[in-house]
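So the structure is just underneath, and the comments pick up after that.
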Amino acid sequence: MAANGMKVALHRQVSGGSMKHNSELRRQASLESPRTGRVTSRFLFGRQSSMDPNRRRGRSQSPVGSGTAAEDLSVPENLDATMQLLFFACQGDALGVEGLLRSGVDVNSINLDGRTALHIAACEGHRDVVRILLSWKANIDARDRWGSTAVADAKFYGHSKVYDLLKIHGAKIPRTKRTPMMVSVPGEIPEYELNPGEVQFRRGCDVTPGMYHIAKWNGTKVSVKILDRDGCSDQEAVNSFRHELTVLEKVRHPNVVQFVGAVTQSIPMMIVSELHEEKDLSVCIQKKGKLNAHKVLRYGLDIARGMTYLHQCKPDPIIHCDLKPKHIFLDSGGQLKIAGFGVTRVSKIGPDKVRLINHGALVDSFSYHTAPELYRNDAFDSSVDAYSFGFILYEMVEGSVRTPEDSGHTIRFEGMRPSLKGKLKGYPPDFKALVEECWHPQAMARPTFSEIIIRLDKIYNNCDRQGSWKESLKLWK
1 MAANGMKVAL HRQVSGGSMK HNSELRRQAS LESPRTGRVT SRFLFGRQSS
51 MDPNRRRGRS QSPVGSGTAA EDLSVPENLD ATMQLLFFAC QGDALGVEGL
101 LRSGVDVNSI NLDGRTALHI AACEGHRDVV RILLSWKANI DARDRWGSTA
151 VADAKFYGHS KVYDLLKIHG AKIPRTKRTP MMVSVPGEIP EYELNPGEVQ
201 FRRGCDVTPG MYHIAKWNGT KVSVKILDRD GCSDQEAVNS FRHELTVLEK
251 VRHPNVVQFV GAVTQSIPMM IVSELHEEKD LSVCIQKKGK LNAHKVLRYG
301 LDIARGMTYL HQCKPDPIIH CDLKPKHIFL DSGGQLKIAG FGVTRVSKIG
351 PDKVRLINHG ALVDSFSYHT APELYRNDAF DSSVDAYSFG FILYEMVEGS
401 VRTPEDSGHT IRFEGMRPSL KGKLKGYPPD FKALVEECWH PQAMARPTFS
451 EIIIRLDKIY NNCDRQGSWK ESLKLWK
């Protein structure tokens, strides 16, 4: 930690022009521990990425030859290999760069902003360094966190010889476009912003905009939603992306899928969240059929706890509106996590009432889990999620719900419900009453999720005292 602190202090001193002598720099370095971890700061020497918001404000640029730039300083011995490589590239020290590469340093090592030595050398116009990096198979089209490449940086800073060299080796100028969420002030870049270069999709994967896909972020498997160039031109798609990001960013609960970060300063924009490859609840039900009472109650409590948290968010509750088994994931520890709750956008029309903003875009995705007031595009409240929960409980008990197409209308608008007769053998009457209250046609008759948790706990306790399910009901407390 001390070494990292020294690096940050060093960067501030160099960019501020306060370090004029190599001996002073070496003395500062000698006071710190020689052990360093991975670099966690930006590389602030010399010219910055041509797309960096800091550059657009005229900051973080130490003119070459000013006495404060990297070329006028010696590299502190306790900087890690990546920072030394970037430092030598910034100096134009071809021998230093080649020496590090021969010692085993990865030519494509990056800093926090995804900048490689090739980016740095291109910004400074060091053609000899660029030539050496290319001979070591540097990734010529590597993009930094803002989407810039070495050839784009060389062109921006007017280094025609470096630009021509890169073009001869096949570099292409990336087509760039200002994103709908691009900030102009560096301090406004959100903390959740990820380096797009660190998000890697499976080779050959067909990435569909608007859908979640499996990718890797820094070696960890994640779920990524993409908004591509066309999507960034669609205001409705941008609004939905922005809303989902705003919702995901603020939720933290064991029974809710966790937000990892996002890419909003380059195209394509992305939302990254934790991935659960085990399965969703619908797959679990399809494979195993009806679940035992132990799992029904445990899973029911997991869902209810997550929904209680969402409904109690401030200043306004988060109403899912599309709660169904496909949006509930099972993690490796057997715990359920709710997903898909950031897609629906609503407008507040009263103290406890809202209305869908994007009803037309969502209606095709509605199912028998969807409350009738949502189908009718009426004003509604958080009870629509309790309605969906009733059908989820039934599915877990039944093992599957095969609803004929012609009965969908009667379920939604005529109040018809699947028969519970013979389905709940061994379950106490309180459980049957809870299911029926949850999917009641009238919103006022449905319980809140806080009430559902209390009632499910009571059902368990009563059955335990009676000796029923004693072996199977070992709920997590």
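For the sequence shown, position 272 matches number 272 in UniProt numbering, and the numbering has no gaps at all. For each residue, glycine too, the CB sits at the ideal point set by N, CA and C.
Going by DSSP, residue 355 is part of the beta strand (DSSP E) stretching over 354-356.
Annotation for residue 338: no alpha helix (DSSP H) segment contains it, though the beta strand (DSSP E) segment containing it runs 336-338.
Residue 419 sits in coil when the DSSP states are folded into three classes, being neither helix nor strand.
The shortest C-alpha to C-alpha distance from residue 136 to any of 154, 169, 152 is the one to 169.
Secondary structure note for residue 304: its alpha helix (DSSP H) is the uninterrupted segment 293-311.
The straight-line gap separating the alpha-carbon atoms of residue 366 and residue 374 is approximately 9 Å.
Annotated as proximal: residue 338 and residue 256, with beta-carbon spacing under 9 Å. By the Cβ test, the region 235-248 is not in contact with the region 289-303, since fewer than three Cβ pairs between them sit closer than 8 Å. Taking C-beta atoms under 8 Å as the contact rule, residue 144 and residue 119 qualify, at a distance of about 6 Å. Take the alpha-carbon of residue 269 and the one of residue 217: they are about 15 Å apart.
The criterion of a C-beta distance shorter than 9 Å is satisfied by residue 323 and residue 385. By DSSP's assignment, residue 215 forms a beta bridge with 201, 222. For residue 182, the three-state secondary structure derived from DSSP is coil. Scanning its chain for C-beta atoms nearer than 6 Å, with the 5 sequence neighbours on each side dropped, one finds around residue 320 the residues 341, 385, in chain order. Rounded to whole angstroms, the separation of the alpha carbons of residue 302 and residue 335 is 7 Å. Taking C-alpha positions only, residue 84 is separated from residue 263 by approximately 28 Å. Approximately 16 Å separates the beta-carbon atoms of residue 380 and residue 343; this is outside 8 Å, ruling out the contact. Contact annotation: residue 274 and residue 222 have beta-carbon atoms nearer than 9 Å. Assigned with DSSP and collapsed to three states, residue 396 falls in helix. A residue is called buried when at least 16 other Cβ atoms come within 10 angstroms of its Cβ; residue 152 meets this threshold and is buried. One Cα belongs to residue 443, the other to residue 348, and the distance between them is close to 17 Å.
For residue 450, same chain residues with a beta-carbon under 7 Å away, outside a window of 5 residues either side, are 308 in chain order. Residue 96 carries a helical assignment under DSSP once its states are collapsed to helix, strand and coil. Excluding five sequence positions before and after residue 98, the CB atoms of its chain that fall closer than 7 Å to its own CB belong to 132, given in chain order.
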